[in-house]
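Here the structure is laid out as structure tokens; the discussion comes afterwards.
Number of protein chains: 2
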Amino acid sequence: MKKLINSTADVLSESLAGFAAAHAEIVALGDEGKFVRRRNLKRGKTALISGGGSGHEPLHAGFVGRGMLDAACPGQVFTSPTPDQMLAAAEAVDTGGGVLYIVKNYEGDVMNFAMAAEMASGKVATVITDDDVAVETSTYSTGRRGVAGTLIVERMLGAAAEKGADLDALQALGKRVNGQTRSMGVALTSCTVPAAGKPTFTLGEDEMEMGVGIHGEPGRRRVKLAAADAIAEEMMTAILGDLNLKAGSEVLLLANGFGGTPAMELYLMYNSARRILDGRGLKTARSLVGSYVTSLEMAGCSLTVSVLDGELPELWDAPLHTAALRWGA
Amino acid sequence: MKKLINSTADVLSESLAGFAAAHAEIVALGDEGKFVRRRNLKRGKTALISGGGSGHEPLHAGFVGRGMLDAACPGQVFTSPTPDQMLAAAEAVDTGGGVLYIVKNYEGDVMNFAMAAEMASGKVATVITDDDVAVETSTYSTGRRGVAGTLIVERMLGAAAEKGADLDALQALGKRVNGQTRSMGVALTSCTVPAAGKPTFTLGEDEMEMGVGIHGEPGRRRVKLAAADAIAEEMMTAILGDLNLKAGSEVLLLANGFGGTPAMELYLMYNSARRILDGRGLKTARSLVGSYVTSLEMAGCSLTVSVLDGELPELWDAPLHTAALRWGA
Numbered sequence: 001m002k003k004l005i006n007s008t009a010d011v012l013s014e015s016l017a018g019f020a021a022a023h024a025e026i027v028a029l030g031d032e033g034k035f036v037r038r039r040n041l042k043r044g045k046t047a048l049i050s051g052g053g054s055g056h057e058p059l060h061a062g063f064v065g066r067g068m069l070d071a072a073c074p075g076q077v078f079t080s081p082t083p084d085q086m087l088a089a090a091e092a093v094d095t096g097g098g099v100l101y102i103v104k105n106y107e108g109d110v111m112n113f114a115m116a117a118e119m120a121s122g123k124v125a126t127v128i129t130d131d132d133v134a135v136e137t138s139t140y141s142t143g144r145r146g147v148a149g150t151l152i153v154e155r156m157l158g159a160a161a162e163k164g165a166d167l168d169a170l171q172a173l174g175k176r177v178n179g180q181t182r183s184m185g186v187a188l189t190s191c192t193v194p195a196a197g198k199p200t201f202t203l204g205e206d207e208m209e210m211g212v213g214i215h216g217e218p219g220r221r222r223v224k225l226a227a228a229d230a231i232a233e234e235m236m237t238a239i240l241g242d243l244n245l246k247a248g249s250e251v252l253l254l255a256n257g258f259g260g261t262p263a264m265e266l267y268l269m270y271n272s273a274r275r276i277l278d279g280r281g282l283k284t285a286r287s288l289v290g291s292y293v294t295s296l297e298m299a300g301c302s303l304t305v306s307v308l309d310g311e312l313p314e315l316w317d318a319p320l321h322t323a324a325l326r327w328g329a
Numbered sequence: 330m331k332k333l334i335n336s337t338a339d340v341l342s343e344s345l346a347g348f349a350a351a352h353a354e355i356v357a358l359g360d361e362g363k364f365v366r367r368r369n370l371k372r373g374k375t376a377l378i379s380g381g382g383s384g385h386e387p388l389h390a391g392f393v394g395r396g397m398l399d400a401a402c403p404g405q406v407f408t409s410p411t412p413d414q415m416l417a418a419a420e421a422v423d424t425g426g427g428v429l430y431i432v433k434n435y436e437g438d439v440m441n442f443a444m445a446a447e448m449a450s451g452k453v454a455t456v457i458t459d460d461d462v463a464v465e466t467s468t469y470s471t472g473r474r475g476v477a478g479t480l481i482v483e484r485m486l487g488a489a490a491e492k493g494a495d496l497d498a499l500q501a502l503g504k505r506v507n508g509q510t511r512s513m514g515v516a517l518t519s520c521t522v523p524a525a526g527k528p529t530f531t532l533g534e535d536e537m538e539m540g541v542g543i544h545g546e547p548g549r550r551r552v553k554l555a556a557a558d559a560i561a562e563e564m565m566t567a568i569l570g571d572l573n574l575k576a577g578s579e580v581l582l583l584a585n586g587f588g589g590t591p592a593m594e595l596y597l598m599y600n601s602a603r604r605i606l607d608g609r610g611l612k613t614a615r616s617l618v619g620s621y622v623t624s625l626e627m628a629g630c631s632l633t634v635s636v637l638d639g640e641l642p643e644l645w646d647a648p649l650h651t652a653a654l655r656w657g658a
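Next up, the structure:
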């Protein structure tokens, strides 16, 4: 295993320490690293909290800040955080508007966030994301997996919360955005979890995993490496088949790297995907290209399409100031 | 070779097409991809142009926009752009204030930018960056290589140009910033140039290349993989030995990924490097952590320290709006 680490036991704490130091104007560590919180809270705003296993950075801690999350609870790599982390985060950032948990659909995360919600003294609601169209059930999830579309939910809710939306309205908006967001991924290589010390899976020199999960879970099928256009075609066909949009619809297109993918390839995949949208008469009204929801150093990418109707373009564009995404602020 | 591409011949053009489409509010392609230019020029401002081989994205095209570059000339992967690209870019973005070329110290780039400067009809000056302390001469360079510190030069000059600095002042500032900026890198794996189809070099399962260049050029020595703290110590000792700073000095610390490095590891390396600065009584006044000057999918990172004296913190913080770096705008 080749990693820039000191010991597998200290990867998370040392990485979090670096993250908090590098972005001290935006975030602070709470309870010795149980959670990452927004440094300056907005009184009375509904608090948004997410979390999950580490190894997907910048998700979620990189999205803590004005216009997105109020706190993120990092578990060990690919391992759910614990209910006490979520409770501690809620206590720290709930300024009277209640707390909305945004949870990717994995059994451990869903169970632990549900326990935290039950134990909470304040008002709590939950939105579960399940945007991955690749498979209907998977290694760690009953039902579809929550993947890169989660960042779109977090961003839209963050903007709405900043404008004063209450807990019920945010939960409804979260369900709506998740319901019109679809993703699919492909892996060219595996990743290696530090504590495991060896690759999660193996692929032949000419193979790829079509529909891979962000923990290296199996996808739809293992196939021969194909051209970027053919890969994009398969992913976009699955995504658009599920969304069933009318021509003229406006969408956000996210080309997301898994951690080991050069920017050149991501922009090339974005180009392929966008041409497919063009060909179907869909308007790419907003775009995001980069490694935002990763699987450690996995090579590969996901494509996400999210429908931008109603107030959503305005929410997407609203001022945002986090470590990983920043505009208008 | 596992890459998300259609053909090795089209990697650059398709990637540029995606980049320009994704960031159409900031950039436009000039002359069918000869250069990437800022969409809205500021009349009379000295124009800043950089460029070099592709494969280092987001450098340089990702830094085109308000507060940084006016144009970037992309060569094929790890291959210098040609003088006609630079001339075309200069003609397109020189609005009367002359043109400053910012050039990484590689023989091909230096020669081609010099030819372009000679052929120019307008006023042209050049700043060469050579921040890599690893080796004094290398495969493609006479003298030190220009690496991640280049983005700091580009950003400081971009901010100064925006404030009205003229060509001479910008050239002097560029030399000053480059002269107080030092970097060093380490590779855990090689990268694969698409047209070559195989890794540029090979490392054993327990080896790393200490002092690697951003094209995979050899560094100081090939050694056993070490702990992050030990790696940071060697790099920072080389960097700080060369800078020779007084205790209390304020610096910018950049932990830069080479393309295949997870964010967790980058923040961990940042943490190690920052503790070393702390230990020497140096103040980390600004920070940047991410994969900004890459070598395709190489795993590894570089550390850069740049002295922030005088007006430099203010220039660093000034409004910036590019595809890869954005704040205050």
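First to last, the sequence lines map onto chains E and C. The numbering of the first sequence is my numbering, which starts it at 1 and goes up by one. The numbering of the second sequence is my numbering, which starts it at 330 and goes up by one. Beta carbons are placed, not taken as given, at the ideal position from N, Cα and C, and that holds for glycine. Keep in mind it's a predicted model, so treat the numbers as computed, not measured.
Chain-ordered neighbours of residue i on chain C, where CB pairs are closer than 9 Å
i, result
"residue 55 of chain E", "591, 593"
"residue 236 of chain E", "Result: empty, since nearest Cβ-Cβ is about 14 Å, beyond 9 Å."
"residue 252 of chain E", "Residues of chain C passing the Cβ test: none, with the nearest at roughly 11 Å."
Any C-beta of chain C under 7 Å from that of residue i
i, result
"residue 256 of chain E", "no"
"residue 5 of chain E", "yes"
"residue 271 of chain E", "yes"
"residue 78 of chain E", "no"
"residue 316 of chain E", "no"
"residue 113 of chain E", "no"
"residue 75 of chain E", "no"
"residue 326 of chain E", "yes"
Chain E within 7 Å of residue i, Cβ atoms only
i, result
"residue 401 of chain C", "no"
"residue 669 of chain C", "Residue 669 of chain C cannot be examined here, being either before or after the span of chain C that is shown, 330 to 658."
"residue 621 of chain C", "no"
"residue 514 of chain C", "no"
"residue 358 of chain C", "no"
"residue 588 of chain C", "yes"
Proximal residues of chain C, C-beta to C-beta of residue i below 8 Å
i, result
"residue 189 of chain E", "331"
Under 7 Å from the C-beta of residue i: neighbouring residues of chain C
i, result
"residue 229 of chain E", "335"
"residue 17 of chain E", "600"
Listed by chain order, chain E residues near residue i by CB distance under 7 Å
i, result
"residue 428 of chain C", "By Cβ distance, chain E contributes nothing, its closest Cβ being about 26 Å from residue 428 of chain C, past 7 Å."
"residue 340 of chain C", "264, 268"
Rounded straight-line distance, which links the Cα of residue j to that of residue i
i, j, result
"residue 555 of chain C", "residue 525 of chain C", "30 Å"
"residue 50 of chain E", "residue 72 of chain E", "5 Å"
"residue 206 of chain E", "residue 331 of chain C", "7 Å"
"residue 299 of chain E", "residue 386 of chain C", "16 Å"
"residue 319 of chain E", "residue 440 of chain C", "44 Å"
"residue 243 of chain E", "residue 288 of chain E", "19 Å"
"residue 267 of chain E", "residue 652 of chain C", "12 Å"
"residue 174 of chain E", "residue 316 of chain E", "13 Å"
"residue 286 of chain E", "residue 327 of chain E", "13 Å"
"residue 539 of chain C", "residue 514 of chain C", "7 Å"
"residue 460 of chain C", "residue 568 of chain C", "9 Å"
"residue 262 of chain E", "residue 626 of chain C", "5 Å"
"residue 472 of chain C", "residue 255 of chain E", "39 Å"
"residue 429 of chain C", "residue 373 of chain C", "13 Å"
Per-residue contacts from residue i into chain E (C-beta, under 8 Å)
i, result
"residue 387 of chain C", "263"
"residue 435 of chain C", "Near residue 435 of chain C there are no residues of chain E at all, since even the closest Cβ is about 19 Å away, more than 8 Å."
CB contact below 7 Å: residue i versus chain B
i, result
"residue 14 of chain E", "In the structure shown, chain B does not exist; the protein chains are E and C."
Problem set entry | Runs of beta strand (DSSP E) wholly within the region 463-542 of chain C (minimum 3 residues, chain order) | Here the runs fully enclosed are 510-516, 536-539.
For this session: List in chain order: all unbroken beta strand (DSSP E) runs of 3+ residues lying wholly within the region 590-649 of chain C.
Result: Correct list: 612-619, 629-636.
For this session: May I have a chain-ordered list of the alpha helix (DSSP H) segments no shorter than 4 residues that lie completely inside the region 368-440 of chain C?
Result: If we require 4 residues or more, the alpha helix (DSSP H) runs fully inside the region 368-440 of chain C come out as 412-422.
Problem set entry | Contacting positions in the region 126-159 of chain E - beta carbon closer than 9 Å to chain C | The residues in question: there are none.
For this session: Using a Cβ-Cβ cut-off of less than 7 Å, give me the residues of the region 273-303 of chain E that come near chain C, in sequence order.
Result: Legend: CB atoms of the region 273-303 of chain E lying less than 7 Å from CB atoms of chain C belong to residues 274, 287, 289, 294, 296, 297, 299, 301.
Problem set entry | Residues, ordered as in the chain, of the region 541-558 of chain C that lie near chain E by beta-carbon distance below 9 Å | Within the region 541-558 of chain C, the qualifying residues are 554, 556, 557, 558.
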